[in-house]
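In numbering that gives the first Met the number 0, the protein residues as written are 0 to 259.
Quick reminder that beta carbons are idealized off the backbone N, C-alpha and C, glycines included.
Remember, predicted model here, so these are calculated numbers, not experimental data.
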Amino acid sequence: MRLRITLSAVLVTLFMWSGLFAFQRGRRGGFREYDEPLVTPADAGEKTEWAFARLKYPSPRYWNWTTDYPKADRQFVQGVRRLTRLHTRSVEQVVDVDTDEIYNWPWVYAVEVGRWDLTDPQCQRVRDYLLRGGFLMVDDFHGTQEWEVFMASMSRIFPDRPIVELENKDQIFHVLYDLDERFQVPGTAALYRGLTYEKDGVSPRWRAIMDDKGRVMVAICHNMDLGDSWEHADNPRYPEKYTSLGYRIGINYIIYSMTH
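Structure below.
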């Protein structure tokens, strides 16, 4: 109950900021990304235990990896700082898959992986990173076609490891929050149409790739959009129940990656 109350307080704070921004612009808040100049916090370069690392990857549309960036990253980080004891940096870190920078970050987030198109050297680097103990969370891709595009690269990263369905009892759902009851977290594109799903991705799928010891290396959030739940946490038009679950899932995945 205490955790629930604390998370609600974080969301109330974000709603207040949203109202302030809308007042300053002289219009009502809608489903928008930042349109004010970003201010770099004084502690942006601080060395911390954890930072939000966003994977930069090649795709037909070069900007796919930037979806929801940087607002989702920064608002999610605020929740991590309030709801956990992790020493967390205030700003995100972009990690280019073409460099060895990925080895410096224990948790990496990749968005819209239904459009990524990794080269063989990039696949090898991601594989090596994961086998060394790294953790990759993928999010915001929907339906059969985007799954197939995702798998075209993932099957080259791990041609020898199956993708498994995560069960309610799995540790990743219980490291901080107990997440036995989960539901589809929609993006704003779906909500505009009065739906929670996109394309033929009607049912949310919680999947993973494990290492030899049964540790989750790749956490696959298919047919959902956690990034939008973070980005629009300050928007009264985006239902609180989706943002609350989105924060809990993301935080559980972080804590799991740092402790397993």
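{"Check": "Nearest-angstrom beta carbon gap, residue 163 and residue 207 [assumed within contact, 8 angstroms]", "Outcome": "6 angstroms"}
{"Check": "Euclidean distance between Cα positions of residue 241 and residue 125", "Outcome": "30 angstroms"}
{"Check": "Exposed unless 16 or more other CB atoms sit within 10 angstroms - verdict on residue 121", "Outcome": "buried"}
{"Check": "Proximity to residue 170 [Cα-Cα], best of 256, 63, 51", "Outcome": "256"}
{"Check": "C-alpha distance - residue 96 paired with residue 119, whole-angstrom precision", "Outcome": "11 angstroms"}
{"Check": "Cβ-Cβ distance between residue 115 and residue 64 below 9 angstroms", "Outcome": "yes"}
{"Check": "4 or more residues per run - each alpha helix (DSSP H) lying fully within the segment 46–94", "Outcome": "70–82"}
{"Check": "Coil, strand or helix - residue 174 by DSSP", "Outcome": "coil"}
{"Check": "Three-state class that DSSP yields for residue 250 in the structure shown", "Outcome": "helix"}
{"Check": "Residue-level contact to chain D via CB, residue 135, 9 angstroms cutoff", "Outcome": "Included in the structure is just one protein chain, with no chain D present."}
{"Check": "Close Cβ partners of residue 57 (< 6 angstroms) along its chain, the five nearest in sequence each way excluded", "Outcome": "116"}
{"Check": "Endpoints, alpha helix (DSSP H) assigned at residue 194", "Outcome": "Run containing residue 194: none; DSSP gives neither H nor E here."}
{"Check": "Assigned exposure category for residue 182 - 16 Cβ within 10 Å defines buried", "Outcome": "exposed"}
{"Check": "Alpha-carbon to alpha-carbon, residue 159 and residue 42", "Outcome": "42 angstroms"}
{"Check": "Residue environment, residue 130, which counts as buried when at least 16 other CB atoms sit within 10 Å", "Outcome": "exposed"}
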